[in-house]
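Just so we're aligned, residue 55 is where the sequence shown starts under our numbering, counting upward by one. For glycine and all other residues, C-beta sits at the position ideal for the given N, C-alpha and C. Worksheet: the structure to be examined is printed underneath.
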Amino acid sequence: MKRPFGQHFLFDPNILKKIIKCSGVTSDDTVVEIGPGLGTLTKFLSLSAKKVIAIEIDKRLIEKLEGILSPCSNVEIIQADALQFPYDSINEKFRVIANIPYYITTPILFRLLEFREKITSMTLLMQKEVAKRITASHKNKDYGVLSISAQLHTKPVLEFTVSRKAFLPPPKVDSAVVHFEVSQAPFFEIADEELFLEVVKTAFSQRRKTIANSLKTYTGIKDALQKAGLDPKLRPENLSMEDYVRLTEALKNISLSHQFIS
Ligand code: SAM
């Protein structure tokens, strides 16, 4: 049977309770759940939170959900695509707690990060491999663009793993729960975030090369590496986020001084 929308349902109450516990949700919180499916997690959320906004794309599930969740008066079911949903239309700050569809994990994460000012935390069940990439630090093989993008504004922690056997039907991969505390103030002072992310993406597009080589299209890269105190022979995965911040700053200053001279 064809399964659209990454539908792998979770029924184990112990795992559902563990998700609730590590989310930190309290009875003062509004929670957004992406993809309530058959409402198993939603019922637990309804007992723990002040209000639950459950966003489900699949029209066929909406009627079932309305029946299943009819005793839960604090749950609002919205039929919408979580990638398009205007999260700023929610009046209060909220936590996101969800077993998210695997086929759109990264776009959902980036979409939510756009609305980080409204989000207190995110607790997301996702593929284990993606969870490892999101939470990796430098000098780790999983460290890359996804780790750096996520860790710019959040502190992601891999809380626990979930076997594929816990789902119905089981997916092809194991899963993990990642809890992200979302920071309103940036963890790093970055004058030009766009340039920073461009430098990071360019570096990791050739992660086996040295940093000097993978960033050779940038004018003055050798001087910038020296100013940032970085060995040009380092590989992209050996630079910490602070190193990328200093390197971007140095590149920006060099490019500004070139503009000034010419
Ligand atoms: N929360 C349920 C559970 O834990 O059993 C279901 C989780 S299942 C992995 C993912 C759910 O997300 C499905 O109900 C699916 O229909 C829904 N979904 C998929 N794509 C979506 C999207 N773009 N927007 C909102 N919901 C989506």
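Check the DSSP bridge columns for residue i and list the partner residues they point to.
i: Met-176; result: Val-150 and Phe-234
i: Pro-210; result: Phe-234
i: Leu-222; result: Phe-63
i: Ile-132; result: Ile-109
i: Ser-229; result: Gln-181 and Val-216
Starting from the Cα of residue i, find the closest Cα among the options and give me that residue.
i: Glu-247; options: Ile-188, Arg-289, Thr-177 and Met-295; result: Met-295
i: Lys-182; options: Pro-240, Pro-161, Phe-214 and Pro-140; result: Phe-214
i: Asp-83; options: Thr-256, Thr-174 and Ala-220; result: Thr-174
i: Gly-60; options: Ile-73, Lys-72, Gly-89 and Gly-78; result: Gly-89
i: Lys-263; options: Asp-285, Pro-290 and Gly-274; result: Pro-290
Would DSSP call residue i helix, strand or coil?
i: Lys-105; result: strand
i: Leu-92; result: coil
i: Gln-205; result: helix
i: Phe-242; result: coil
i: Ser-311; result: helix
i: Met-55; result: Unreliable placement is indicated for Met-55, whose pLDDT of 46 sits below 50; no coordinate value is reported for it.
i: Thr-271; result: coil
Identify, in the order they occur along the chain, each residue of the same chain with its Cβ nearer than 6 angstroms to the Cβ of residue i, setting aside the five sequence neighbours on each side.
i: Ile-122; result: Gly-93
i: Thr-159; result: Met-180 and Val-184
i: Tyr-272; result: Leu-305
i: Pro-210; result: Ile-188, Thr-189, Ala-204, Val-232 and Phe-234
i: Pro-225; result: His-62 and Arg-218
i: Arg-300; result: Ala-282
Got a sec? Which residues, its chain only, sit under 7 angstroms from residue i by beta carbon, not counting five neighbours each side?
i: Met-55; result: Here the model assigns Met-55 a pLDDT of 46, short of 50, so the residue's position is not dependable and the matter cannot be decided.
Leaving out five residues on either side along the sequence, give the residues of the same chain with a beta carbon under 8 angstroms from the beta carbon of residue i.
i: His-207; result: Leu-167, Arg-170, Val-236, Ser-237, Pro-240 and Phe-241
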